[in-house]
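Numbering of the sequence shown is given in this note's numbering, commencing with residue 8 and proceeding in unit increments.
All residues carry an ideal CB built from backbone N, CA and C; glycine is no exception.
Read through the structure below, which is laid out as structure tokens, and then see the notes.
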Amino acid sequence: MNYIVSIVGRPNVGKSTLFNRLVGRRKAIVHVTSGVTRDRIYGSSEWNGVQFSIIDTGGFSVLTNDVLEKEIKNQIFIAIKESDVILFLIDIKIGILDADIEISKILRKCKKIILLVVNKVDNGKSIYSDTDFFRLGFERYYYISAINGSGTGELLDKLIEIFKQELLKKKENILLENKSFPRFSIIGRPNVGKSTLINSFLNKNHHIVTNISGTTRDSLDVFYKKYECILVDTPGVRKKSKIRDNIEFYSTMRTFKTIEYADVCFLMIDADRGWEKQDMNIFRLVKKNHKGIIILVNKWDLFHKKNVYTQKDYECLIRKKIYPFYNVPIFFISAKNKDGIHKILPMAYHVLKSRNHRLKTNILNKIMLPILKKKPPTPKKKNKFITIKYCTQLPSCTPKFIFFSNFPQYIKESYKRFVENKIRSHFDFIGVPIQIFFRKK
Numbered sequence: 008m009n010y011i012v013s014i015v016g017r018p019n020v021g022k023s024t025l026f027n028r029l030v031g032r033r034k035a036i037v038h039v040t041s042g043v044t045r046d047r048i049y050g051s052s053e054w055n056g057v058q059f060s061i062i063d064t065g066g067f068s069v070l071t072n073d074v075l076e077k078e079i080k081n082q083i084f085i086a087i088k089e090s091d092v093i094l095f096l097i098d099i100k101i102g103i104l105d106a107d108i109e110i111s112k113i114l115r116k117c118k119k120i121i122l123l124v125v126n127k128v129d130n131g132k133s134i135y136s137d138t139d140f141f142r143l144g145f146e147r148y149y150y151i152s153a154i155n156g157s158g159t160g161e162l163l164d165k166l167i168e169i170f171k172q173e174l175l176k177k178k179e180n181i182l183l184e185n186k187s188f189p190r191f192s193i194i195g196r197p198n199v200g201k202s203t204l205i206n207s208f209l210n211k212n213h214h215i216v217t218n219i220s221g222t223t224r225d226s227l228d229v230f231y232k233k234y235e236c237i238l239v240d241t242p243g244v245r246k247k248s249k250i251r252d253n254i255e256f257y258s259t260m261r262t263f264k265t266i267e268y269a270d271v272c273f274l275m276i277d278a279d280r281g282w283e284k285q286d287m288n289i290f291r292l293v294k295k296n297h298k299g300i301i302i303l304v305n306k307w308d309l310f311h312k313k314n315v316y317t318q319k320d321y322e323c324l325i326r327k328k329i330y331p332f333y334n335v336p337i338f339f340i341s342a343k344n345k346d347g348i349h350k351i352l353p354m355a356y357h358v359l360k361s362r363n364h365r366l367k368t369n370i371l372n373k374i375m376l377p378i379l380k381k382k383p384p385t386p387k388k389k390n391k392f393i394t395i396k397y398c399t400q401l402p403s404c405t406p407k408f409i410f411f412s413n414f415p416q417y418i419k420e421s422y423k424r425f426v427e428n429k430i431r432s433h434f435d436f437i438g439v440p441i442q443i444f445f446r447k448k
């Protein structure tokens, strides 16, 4: 893969000299008169066995209405668009001009990898005597002398390092496109710690975290290499009456869309606020979409210090609310301190396995029919004795069971919950919604 590097800067900072140095021959005209280079000039370079292309551009004049200068500027923008890396060249002898500041602002908007290259450093003293370029705000900067080649080796080493990193990212993206990885979505109310949990999993500040609720506006996918899964951070879900603007409305809608495409959802709640009505609404939404679910009680480290509630008490309270879907994994964690988070992803894979679990029909009938015979359905109408003859699991992507009966239309909803409860108690469907159907034999 041939990478492209553009050299950008105001007129007469040494762009063409650096270009000739990198391509190894005098391809671009070099003169003390500014504005000699007008069109984009392409050249090839190689360093440590890696080939890449170099583009020399005309001097970037910010404030001008000249027709020729406008065309030169258009050529520069085309070069920037084509590039993987931009070398922003400045002249240490002249120092930072207003034009350099304006160019830096334009380059930042391009969202490209930018290396600040401080040119015409012909002696070591210049490095220590001039630090004015720091106010341009670039993290990566390199001192060079394009005319004699000093410092260009370090610059080229950095370019090759960037190319290799970009190649790994592209390979990873191709792998993601061609392979189906499990998607684990972190959902919940605003400001419960969803983005903090992602950062703790990755051991870096991948997502912005503040005390202001609603910081995350979009659903953000992150590939977690250690567990080979995609973690999805989502905006907080508010009540409809609390949604204040269109942005928040669309953020909430994207969370709902994220649930549809997830394999397992991590429903995160704030331990201090407890299990609220909105948490129950989100839980029902996950269940309605037949997704695996794990409940995470976050900020437990702060809660248990000032309350007498034990984890067992808190857990029983939640399980009563979500019955008969009672066997949902519940973890008490501190996303900020990374307490208890190491168990979450292994359990997510367990839930995913349970979601795809298929029971043999003879085993299902052997266990379930004696239970249902011992406690048959109570009919809605008198003089109707209901029996269940046979049951099987449907060949679907989520657990669905069909029970054949003589009078399925008279079976009450409460009996469905009883059957679900018995299936959960005898088989491993942890964290997975189950659908029960009754049909005429």
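| query | result |
| --- | --- |
| For T385, three-class secondary structure by DSSP | coil |
| Nearest neighbour of I194, chosen from F170, F188, N288 and E161 [CA to CA] | N288 |
| Candidates V124, I103 and Y268, of which the one nearest L292 by Cα | Y268 |
| Of the residues S361, Y397 and I409, the one placed nearest P377, counting alpha carbons only | Y397 |
| With 16 other Cβ atoms within 10 Å as the buried cut-off, status of S432 | exposed |
| Sequence-distant residues of the same chain with beta carbon closer than 7 Å to V439, five excluded per side | G299, V358, S361, R362 and P406 |
| Range of the contiguous alpha helix (DSSP H) that encloses D308 | W307 to K313 |
| Helix, strand or coil at E322 according to DSSP, with G and I counted as helix | helix |
| Same chain, Cβ closer than 7 Å to F310, neighbours up to 5 away in sequence not counted | A278 and D279 |
| Straight-line gap, Y316 to K306 (C-alpha atoms, nearest Å) | 14 Å |
| Start-to-end residues for the beta strand (DSSP E) that takes in Y10 | Y10 to V15 |
| Every unbroken beta strand (DSSP E) inside the stretch 96-158 [3 residues or more] | 120-126 and 148-150 |
| K447 (DSSP reduced to helix, strand or coil) | strand |
| CB contact flag (I62, S23, <7 Å) | no |
| For I301 and C323, the rounded distance between their alpha carbons | 15 Å |
| Same chain, Cβ closer than 6 Å to F414, neighbours up to 5 away in sequence not counted | K391 and I393 |
| Extent of the continuous beta strand (DSSP E) run through F339 | I337 to F339 |
| Among N198, P18 and M375, nearest to I101 - alpha-carbon criterion | P18 |
| Residues that T399 bridges to, as DSSP identifies them | I409 |
| Classification of R365 by the beta-carbon crowding that lies within 10 angstroms, buried from 16 upward | exposed |
| For G195, the three-state DSSP class (helix, strand or coil) | strand |
| Proximal residues to G347 (C-beta, below 8 Å), its chain only, five neighbours per side dropped | W307, F338, F339, I340 and S341 |
| Cβ pair R147, L174 closer than 7 Å | no |
| V239 beta carbon less than 7 Å from that of S192 | yes |
| Pick from I93, S52, C117 and R142 that is closest to L104, judged by C-alpha positions | R142 |
| Reduced DSSP secondary structure (H/G/I, E/B, other) of R365 | coil |
| Alpha-carbon spacing of K350 relative to F188, whole angstroms | 19 Å |
| C-beta atoms of T4 and I85 nearer than 7 Å | One cannot answer for residue 4 here, as it falls past the ends of the chain, which runs 8 to 448. |
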